[in-house]
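Chains as they are written, first to last, in the working numbering: chain A, 177 to 436; chain B, 271 to 685; chain C, 673 to 890.
Beneath this line is the structure, given in structure tokens, with notes to follow.
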């Protein structure tokens, strides 16, 4: 008896929000996206069960969200064992060894995708177009309205993208039309567990993630594929605890000086 | 001073009580709980079968013998329940309706020591609680401030304003008594209406507006006067202040409180005037809706299930008791063996603590028992009540109150 | 007996790389192929052995205030000699190892054993300790090098084991294995496996996840 923000409820809600994007991805990329999603789902669930048995860690439907993210952001020509290896790496090293979803530092999907892009750089990954970008919007609105995703990160990330793009002399609106960028922004950057936990920290984290997204995209990976948003999320979520610690120490120093 | 608490949550619960007071509630039994004394062992001063007057001492703190709990009513001690580890569980008294009331000498109250002696002797001292650590206040310590909580935002709590209005003189007298106990400020925390008393030099009225937990004393303390281990603050509820005012005027205790009995399980949720420790089961039995119910002393957020009204609670909530679904034995075993699931930061959780402390880092530190980190984020002004809303928001999955208590205990042991 | 324990202790139970986490940078850098890993292992073991014996021989004559400088001088000289030998006899290997042979001087493993053991023990035991630590370090380097070369290029010591798709075969090399992070992952998994088999090596957790029962018990 109580409020609704149980860990399982939240994961089902995020999965529901990602569902339209999953359909759009299957529509854009074809059945390969669906096979990748199902394979990733199977691998993630197997690892969750293994850790349930070995370390008594509760399982979670967040495997659905991880699977959808893999399907949307890695629709390339990967062979099954490559997907299995990458998702095993991401699920185990990214999530399970820390204690399951809720205790991890980086998103399991981000870890898997980074592994895929680094290990098999010759496989081309497509980015997804307007349809994918539009399909993310209803899910994003649902998540912001229910408070699972904090709007401060969304706003500051968009701001960071815009500022970094202008600093590099580029037009940021191209990024908004890129489906995988928008999907990554809502479901990877704004992940409630791995993003910053303090209120001022969220603004800094969002600016950092958005800025890195623009920087990686314009100078290195380009926006044809989703690499920019995955790497930006990886770096930003590693810095999120540092940003939090800085915000807390600044706030406590301010409070101490105010209280005398 | 007016403080708007912007972060807060509204809790929708059926069974809102009507604000008219039922003065004819008959209470046959009252119970004084040993756990209201905190972790200290209680020394029982009466025997089963003894006749007690209202105001006669029942049990006292073994380490500080001047702190006594007195009987709220006159009657016979029916039973003394001893719980695990031979601690006092409760003393149950059967009322006999006689007007056998103890009288106390309320003459020498001009001095701080005199006031203190009177409150201790009349068993009214347990009304004062101290933070950090949320224990009964130590009479030998002078706090740096006293908070009078005259606002209650818990779901289905009684409205303090008509209650205070009906006993305005007693309330004023009690507030003045509080200013005598301390050399520092006395904060009267009230709803967002005209000030209830005249502000003097040290007595300040602070109006609070906002949703729960704007009415919790932890929120007030965080905004106005943060305590530390060396400088504690004390707090007391408005109905206890009224009782103290009554004591000063008449020399007898006022054991009655206006309590809200409400919740979705009650057919006629209402306010009743009952003595402390009233038997909730008997009070609610005539009005229960059909179906299995749980009778909780306190609000739906922070209450505990029990037969008698706890010392500091001003309401009782009756909720549906959900039957446990029978599940497969393997799933049940896996469930029981699991590590506690972590909580997920959401905006609702961010708004569940009334202070401006960093919410998620504090809750994470409490979840692993990291006392140093919790102190750095600011946990000394908190008690279990303040974290009850956070527990409610996560669906009861993580009991932050218990974790906070473990952390505070580790500090107390060190001190 | 004690001598044998000095020798085989550092191989698993007190491994300098997986337990004390020393000498990691060379473990990451030179293990892209087994050949370079082997040369590095031999070089480090030789330097460790010779350095420990020499320092142990003169340990009673080193003034305390300059002992670190003397130790580094001895180790640096030995490293220069080793480097020259490698350049003379296996020149292509020396090119691939580039600066990492020279960096044996800074390897905390070498200085650590000199300071912790050779300064306080006779030459015989110092030699055994150095040999043991060298073998432990070599074991880890060879394991990591084996995995990285096999899955990163399909070869072992340059001989093809898995035929890559580039050469018309079936094996898709894992490009990640040729990058430094893979060595970190392999090392991490190795440490995990060793600590699963030898739970005595696991450090105590600073905090445990608080369970419901702890709050109630007092």
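Note that CB positions come from ideal geometry on N, CA and C, so glycine has one too.
Select from the options the residue whose C-alpha is nearest the C-alpha of residue i.
| i | options | result |
| --- | --- | --- |
| residue 453 (chain B) | B:382, B:632, B:274, B:548 | B:382 |
| residue 536 (chain B) | B:459, B:275, B:559, B:515 | B:559 |
| residue 673 (chain B) | B:679, B:636, B:609 | B:636 |
| residue 548 (chain B) | B:586, B:434, B:574, B:517 | B:586 |
| residue 641 (chain B) | B:605, B:679, B:619, B:622 | B:679 |
| residue 706 (chain C) | C:769, C:787, C:731 | C:769 |
| residue 293 (chain A) | A:276, A:259, A:225, A:307 | A:259 |
| residue 267 (chain A) | A:426, A:281, A:431 | A:281 |
| residue 896 (chain C) | C:828, C:783, C:677, C:717 | The shown model of chain C, from 673 to 890, leaves out residue 896 (chain C), and the question about it has no answer. |
| residue 556 (chain B) | B:277, B:531, B:630, B:651 | B:531 |
List the DSSP bridge partners of residue i.
| i | result |
| --- | --- |
| residue 459 (chain B) | B:419, B:476 |
| residue 299 (chain B) | B:364 |
| residue 656 (chain B) | In DSSP, residue 656 (chain B) forms no bridge with anything. |
| residue 536 (chain B) | B:558 |
| residue 543 (chain B) | B:528 |
| residue 406 (chain B) | B:399 |
| residue 575 (chain B) | B:566 |
| residue 801 (chain C) | Bridge partners of residue 801 (chain C): none, in fact. |
| residue 787 (chain C) | None, per the DSSP bridge assignment. |
| residue 358 (chain B) | B:352 |
| residue 608 (chain B) | Note: residue 608 (chain B) sits in no beta bridge, so no partner. |
| residue 843 (chain C) | C:836 |
| residue 322 (chain B) | B:345 |
Do residue i and residue j have their C-beta atoms closer together than 7 Å?
| i | j | result |
| --- | --- | --- |
| residue 659 (chain B) | residue 465 (chain B) | no |
| residue 365 (chain A) | residue 316 (chain A) | no |
| residue 523 (chain B) | residue 648 (chain B) | no |
| residue 807 (chain C) | residue 683 (chain C) | yes |
| residue 688 (chain C) | residue 803 (chain C) | no |
| residue 824 (chain C) | residue 850 (chain C) | yes |
| residue 529 (chain B) | residue 584 (chain B) | yes |
| residue 675 (chain C) | residue 800 (chain C) | yes |
| residue 486 (chain B) | residue 656 (chain B) | yes |
| residue 384 (chain A) | residue 404 (chain A) | no |
| residue 622 (chain B) | residue 663 (chain B) | yes |
| residue 751 (chain C) | residue 727 (chain C) | no |
| residue 374 (chain A) | residue 423 (chain A) | yes |
| residue 678 (chain C) | residue 719 (chain C) | no |
| residue 594 (chain B) | residue 562 (chain B) | no |
| residue 798 (chain C) | residue 854 (chain C) | no |
Using the rule of at least 16 other Cβ atoms within 10 Å of the residue's Cβ for burial, across every protein chain shown, is residue i buried or exposed?
| i | result |
| --- | --- |
| residue 385 (chain B) | buried |
| residue 601 (chain B) | exposed |
| residue 375 (chain B) | exposed |
| residue 677 (chain B) | buried |
| residue 879 (chain C) | exposed |
| residue 379 (chain B) | buried |
| residue 858 (chain C) | buried |
| residue 448 (chain B) | buried |
| residue 839 (chain C) | exposed |
| residue 262 (chain A) | buried |
| residue 761 (chain C) | exposed |
| residue 177 (chain A) | Reliability fails at residue 177 (chain A), whose pLDDT of 40 lies under 50, so the model's placement of it is uncertain and the value that follows must be treated cautiously. Residue 177 (chain A) comes out exposed. |
| residue 887 (chain C) | Confidence at residue 887 (chain C) is low in this model, with a pLDDT of 40, below 50, so the placement of that residue should be treated as unreliable; the coordinate-derived value is given next. Its Cβ being crowded by 16 or more others within 10 Å, residue 887 (chain C) is buried. |
| residue 845 (chain C) | buried |
| residue 733 (chain C) | exposed |
| residue 296 (chain B) | exposed |
| residue 421 (chain A) | exposed |
| residue 426 (chain B) | buried |
| residue 422 (chain B) | buried |
| residue 470 (chain B) | exposed |
List the residues of chain D whose Cβ lies closer than 8 Å to the Cβ of residue i, in chain order.
| i | result |
| --- | --- |
| residue 631 (chain B) | Any reference to chain D falls outside this structure, whose protein chains are A, B and C. |
When you check each C-beta in the stretch 371 to 384 of chain A against every C-beta of chain B, which residues fall closer than 7 Å? 373, 374
What residues in the stretch 291 to 318 of chain A bring their beta carbon closer than 9 Å to a beta carbon of chain C? 291, 294, 295, 296, 297, 298
Give me the subset of the stretch 658 to 673 of chain B whose CB atoms are less than 8 Å from a CB atom of chain A, sorted by chain position. 661, 662, 663, 664, 665, 666, 667
If you measure beta-carbon to beta-carbon, which residues of the stretch 638 to 651 of chain B are closer than 7 Å to chain C? 638, 639, 640
What are the residues in the stretch 584 to 615 of chain B lying within 9 Å of chain A by C-beta distance? 589, 590, 592, 604, 605, 607, 608, 609, 610, 611, 612, 613, 614, 615
Counting only Cβ-Cβ distances shorter than 9 Å, please list the residues of the stretch 263 to 282 of chain A near chain B, keeping chain order. 275, 276, 277, 278, 279
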